[in-house]
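K.L.:
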Amino acid sequence: MRRLRYFVAALLALAPLAPVSAAPDDWGVTRDPFDKNVIARYKAILARNPHDASALAKLLEMYKRYRTIDLLKEEYGKLLDKDAGNTSALVVLGRLHKATGDEARALEMWSRAVAKTDSDAQTWLLIGETQKAGGKSKEARAAYDKALANASAKEMKKKALRALADLSLATGDNDGANAYFKTFLELDPSNAQLWIERGDAMLAAGKRDIALESYTAAEKLLGSDPARKVEVVSRRGQALEGMGKDDDAVVEYRRAIKLAPKGYYLEVELTGRVIDIYRRKQALPALLVEYEKAWPEGSRGHFEWDTLGKLYEETGAQDKAIAALKRAVGRASFELETQRRLIQLLENAGRDDEALKQYESVVAAAPGEARFQLELAERYWRRGQEKKGLDTLGRLQGRFPSDAGVLSAIADMYQRWGKEDLAIAQYERLAKLEPDDPGHLVTLGEQYWQKNDKQRAITTWKRIIASNKASGYAKLGEVMSEHNMGTDAIANYDKAIQLDGKNPEFYKGRASAHEGQKHYQQAIDDWKKVLELVGTKATDRLARR
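Take the sequence shown: its letters are residues 279 to 823, numbered as in my numbering.
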């Protein structure tokens, strides 16, 4: 009996348990993240303030993620079906249309809203922004004027005023722009950036007296911002120069230079303006004396020596110019424009040996500048130093093995020097480097043709059609035609047209080839096809060329 009870107990232990019924609010049930209470809360916020950016952004986020924006639009549309004068719904629906790129519908909604509530400055701002973005300046200006008239908040007024100033400038109403700037500045007189922007706008409009006044006000507000202060002082100089007050302009330019940190880009620019003024006054010698005194020789860097070199050159003191430029490149050998001017002066003075040494110096200092190495090789060649010239090009090729521009220049030099084999080797490299550029194969084939190796030339040119493209066949047809192989030219144009029968250039090429073969009827047929493809109106003349 005990064994039977034990056996029954064991069977019961192995039997599967009956499933437990889940409660209706069991934790395993997935809850819809689209919480209608949250949605209602955001909609209530927008009903009170349809311009609340945060509330609309949250609504958009939830509808994008869990429903659709179209559904949200539909819901606001139903609100308007019930109450067409619901201005909050009109504004929100307009913002939804704007957010989805439908500016026309947005403007329609907002226009209906302001028709009900003309004093809604924020909606007028939205209308102005949208009209301005759409290039409708007149409508935008009217909307911004309405916004300005109805705005009570300072920030809203400033936004409208700035937009109105920009629109006025865009339409050439400089006086109107200035009036808007002045009103803005009355609201925010400590805004240095706005004073600068007003000055820049008036300077561009030619109203230099107003610009000068604006820059003066801005400078007073920029005591703790030396970088911006330099810019403002330099603009004061520009305004004064435009007013014909050159001496006052020079004073401002020099004041800006003193304010600028050493090596600041404005130092170069403003020194150039000072030189321009002295040049107009034909007083460069006097300026040169000033700079010689202002810049003690021991303290001069590249900029000072370079500037003096330019002035010496312009005043006819060639030897002094060369000496100054040598000192300049001694301070900064990487200043390649100075190096170039020095070499040019040396060559102009007949000091070719020094010029050559200077080239060698530049190449050593800037090995990554291919143009100087090409020019050095050319000068070696002119002086009969063939080995040095060839060695220079060899080193250059090794440094720029994948630069098609450099390799092409080297090939051209080899060709001019009569080194056909070396030139051909370069063109082979170019053809491998840029296989999609048929120009390299055309040039390479031309090299073989000039050497009277016509079969190799033709074989090279036929590599152009390896890609089996219409443009390749047309190019080969053009090359064949240029070398009096009319039959082959026509055959290749035929293949190009089979692949692309809508390209008028192919028919033009084949027509010319037919003319060369005296196939006049075929040529006429091709020219008719060209006219059919490009048109016969006067406006099509450019395409027919």
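Backbone N, C-alpha and C fix where the C-beta goes; we use that ideal spot for every residue, glycine too. Every value quoted in this text rests on a predicted model; they were computed, and no experiment measured them.
#1: Rank Tyr785, Ala682, Lys360 and Leu722 by C-alpha distance to the C-alpha of Leu711 and give the top, closest one.
#2: Where do the ends of the alpha helix (DSSP H) carrying Lys697 lie?
#3: Just checking, does the stretch 496–509 make contact with the stretch 480–488 on the three C-beta pairs under 8 Å criterion?
#4: When DSSP labels each residue in this structure, what does Glu647 get in the three-state scheme?
#5: What is the DSSP secondary structure of Phe581, reduced to helix, strand or coil?
#6: Tell me which same chain residues have a C-beta within less than 6 Å of the C-beta of Asp526, skipping the five on either side of it?
#7: Tell whether a beta-carbon distance below 8 Å holds between Glu591 and Leu623.
#8: Going by DSSP in three states, Val808 sits in which element: helix, strand or coil?
#9: For the alpha helix (DSSP H) containing Leu485, name the first residue and the last one.
#10: Taking its Cβ as the centre, do 16 or more other Cβ atoms sit within 10 Å of Trp305, making it buried, or is it exposed?
#11: On the premise that Leu445 lies in contact with Ser415, defined as a C-beta separation below 8 Å, what is that separation, rounded to the nearest angstrom?
#12: Would you check if the distance between the CB atom of Thr365 and the CB atom of Ala382 is smaller than 8 Å?
#13: Exposed or buried, which one is Val607 when buried takes at least 16 other CB atoms within 10 Å?
#14: Could you check what DSSP says for Gln704 in three-state terms: helix, strand or coil?
#15: Return the residue from the list Glu575, Leu481 and Gly813 that minimises the CA-CA distance to Leu447.
#16: Straight-line CA distance for Asp772 to Arg788?
#17: In three-state DSSP terms, what is Leu722?
#18: Going by other Cβ atoms of all chains shown within 10 Å of its Cβ, with 16 needed for buried, is Lys342 buried or exposed?
#19: Cα separation between Asp453 and Glu407?
#20: If contacts are defined as beta-carbon pairs under 8 Å, then Arg619 and Pro645 qualify, I think. What distance do you get, rounded to the angstrom?
#21: Buried or exposed: where does Leu809 fall if 16 or more other Cβ atoms within 10 Å of its Cβ makes it buried?
#22: From the DSSP output, in three-state form, read off Asn730 for me.
#23: In the DSSP assignment, find the unbroken alpha helix (DSSP H) run with Met763 in it and report its ends.
#24: Report yes or no: do three or more beta-carbon pairs, one from the stretch 748–755 and one from the stretch 721–729, lie closer than 8 Å?
#25: Would you kindly work out how many angstroms separate the C-alpha atoms of Arg326 and Ala441, rounded to a whole number?
#26: Contact check, Arg837 vs Leu490 under 8 Å by CB: the rounded distance?
#27: Cα-Cα, which of Asp466, Asp715, Gly672 and His718 is closest to Leu700?
#28: Who are the Cβ neighbours of His329 in its own chain at under 6 Å, not counting the five residues just before and after it?
P.N.:
Answer, in terms of the structure:
#1: Walking along the sequence shown from the start, residue 711 turns up at place 433. The shortest C-alpha separation from Leu711 is found at Ala682.
#2: Here residue 697 refers to the residue found at position 419 when the sequence shown is read from its first residue. First-last for Lys697: undefined, no H or E at that position.
#3: Judged by Cβ distances under 8 Å, the stretch 496–509 makes no contact with the stretch 480–488, as fewer than three pairs qualify.
#4: In the sequence shown, counting from the first residue as 1, residue 647 sits at position 369. In this structure, DSSP gives Glu647 a state outside helix and strand, which the three-state scheme calls coil.
#5: For the purposes of this step, residue 581 is taken as the residue at position 303 of the sequence shown. Note: Phe581 maps to helix in three-state DSSP.
#6: Taking the first residue of the sequence shown as 1, we reach residue 526 at position 248. Residues Leu518 of the same chain have their beta carbon placed closer than 6 Å to that of Asp526, with the five preceding and five following residues left out of the count.
#7: By one-based count along the sequence shown, residue 591 stands at place 313. By one-based count along the sequence shown, residue 623 stands at place 345. Between Glu591 and Leu623, the C-beta gap is smaller than 8 Å, which places the two residues in contact.
#8: Translated into the one-based positions of the sequence shown, residue 808 becomes position 530. Helix, per DSSP.
#9: The residue labelled residue 485 in the question sits at position 207 within the sequence shown. The sequence shown places Lys at residue 485, not Leu. Element bounds for Lys485: n/a, residue is neither H nor E.
#10: The residue labelled residue 305 in the question sits at position 27 within the sequence shown. Note that Trp305 scores a pLDDT of 48, beneath 50, so its modelled location is shaky; the value from the coordinates is reported in the next line. For Trp305, the number of other beta carbons within 10 angstroms of its own is below 16, and it is reported as exposed.
#11: What you label residue 415 is simply residue 137 of the sequence shown in a count that begins at 1. What you label residue 445 is simply residue 167 of the sequence shown in a count that begins at 1. The beta-carbon separation of Ser415 and Leu445, rounded to 5 Å, stays under the 8 Å limit for a contact.
#12: Within the sequence shown, the letter at position 87 stands for residue 365. Within the sequence shown, the letter at position 104 stands for residue 382. Here Thr365 is not near Ala382, since their CB atoms are 8 Å or more apart.
#13: Counting from 1 along the sequence shown, the entry for residue 607 is found at position 329. So Val607 counts as buried.
#14: Locating residue 704 in the sequence shown gives position 426, counting from the first residue. In this structure, Gln704 counts as helix in the three-state DSSP scheme.
#15: Position 169 of the sequence shown holds residue 447. Comparing Cα positions, the closest option is Leu481.
#16: By 1-based counting over the sequence shown, the position of residue 772 is 494. By 1-based counting over the sequence shown, the position of residue 788 is 510. Spanning the alpha carbons of Asp772 and Arg788 requires a straight line of approximately 8 Å.
#17: Along the sequence shown, read from residue 1 onward, the residue named residue 722 stands at position 444. Three-state DSSP puts Leu722 in a helix.
#18: Locating residue 342 in the sequence shown gives position 64, counting from the first residue. With fewer than 16 other Cβ atoms from the protein chains shown falling within 10 Å of its own Cβ, Lys342 counts as exposed.
#19: Within the sequence shown, residue 453 is the residue found at index 175, counting from 1. Within the sequence shown, residue 407 is the residue found at index 129, counting from 1. Each residue's alpha carbon lies about 22 Å from the other.
#20: Taking the first residue of the sequence shown as 1, we reach residue 619 at position 341. Taking the first residue of the sequence shown as 1, we reach residue 645 at position 367. Going by Cβ atoms, the distance from Arg619 to Pro645 rounds to 21 Å, so no, they are not a contact pair.
#21: Position 531 of the sequence shown, counted from the first residue, corresponds to residue 809. Burial call: exposed.
#22: If you number the sequence shown from 1, residue 730 lands on position 452. DSSP, read as helix, strand or coil, puts Asn730 in coil.
#23: What you label residue 763 is simply residue 485 of the sequence shown in a count that begins at 1. Careful: Met763 lies outside any alpha helix (DSSP H) and carries neither H nor E.
#24: No, the stretch 748–755 does not touch the stretch 721–729.
#25: Residue mapping note: residue 326 aligns to position 48 of the sequence shown, counting from 1. Residue mapping note: residue 441 aligns to position 163 of the sequence shown, counting from 1. Whole-angstrom Cα-Cα distance: 27 Å.
#26: Examination of residue 837 is not possible in this model, given that the chain is present from 279 through 823 alone.
#27: Along the sequence shown, read from residue 1 onward, the residue named residue 700 stands at position 422. Of the candidates Asp466, Asp715, Gly672 and His718, the one whose C-alpha sits nearest the C-alpha of Leu700 is Gly672.
#28: As a position in the sequence shown, residue 329 is number 51, starting the count at 1. Take His329, set aside five residues on each side of it, and the residues of its chain with a beta-carbon closer than 6 Å to its own are Gln400, in chain order.
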